[in-house]
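In my numbering, the protein residues as written are 25 to 190.
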């Protein structure tokens, strides 16, 4: 993909102003990030209902709650995951199935590093400048780690969260 004079070849997630996203790119992002969650829920639910209940934790994103610069299609898809989670939680509460979502912010992963590099290119800034913006936008003044997210998922999946759904 080329935006202006910058070529982004190695990343399937489209990082661009929403107006530059093609219909096919938008559909692909929605299929991966929203439809994929729907299908996983749809086909897991009969198994969970037969077992007498359980806990589902979807991975949404902070981007689904707060506008994401250059990541609008992803933000729309993750907002869909948040609403899907709420609807499924309401529909399944009587079956003993709890459905929640985590909404991680900036998580220090190789994917996040690539996104910071690409956002820096798009905005004409350095990687360090983008990382500083992310850190400054985070109440605890650091990027999350995958372990931070895993701890929340583990809690929501546990019996300690038996009265948390939606």
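Beta carbons are placed, not taken as given, at the ideal position from N, Cα and C, and that holds for glycine.
Three-state class that DSSP yields for residue i in the structure shown
i, result
"residue 38", "coil"
"residue 109", "helix"
"residue 80", "strand"
"residue 87", "helix"
"residue 138", "helix"
"residue 125", "strand"
"residue 26", "Bear in mind that the predicted position of residue 26 carries a pLDDT of just 49, short of 50, making it unreliable; the figure below should be weighed with that in mind. If DSSP states are grouped into helix, strand and coil, residue 26 belongs with the strands."
Short Cβ contact (8 Å threshold) for residue i with residue j
i, j, result
"residue 122", "residue 113", "yes"
"residue 104", "residue 58", "yes"
"residue 177", "residue 126", "yes"
"residue 99", "residue 84", "no"
"residue 146", "residue 39", "yes"
"residue 133", "residue 170", "yes"
"residue 42", "residue 101", "no"
Cβ distance (whole Å) where residue i is taken to contact residue j below 8 Å
i, j, result
"residue 82", "residue 61", "5 Å"
"residue 159", "residue 166", "6 Å"
"residue 80", "residue 65", "7 Å"
Pick from the options that is closest to residue i, judged by C-alpha positions
i, options, result
"residue 155", "71, 42, 72, 136", "136"
"residue 118", "91, 159, 69, 108", "69"
"residue 71", "116, 183, 157", "116"
"residue 181", "77, 108, 161, 67", "77"
"residue 91", "153, 138, 161", "161"
| said: Taking 8 Å as the cut-off, does the region 136 to 148 touch the region 43 to 52 (at least 3 CB pairs, one atom from each stretch)? | reply: no
| query | Are at least three pairs of beta-carbons, each pair with one atom in the region 171 to 189 and one in the region 118 to 136, less than 8 Å apart? | reply | yes
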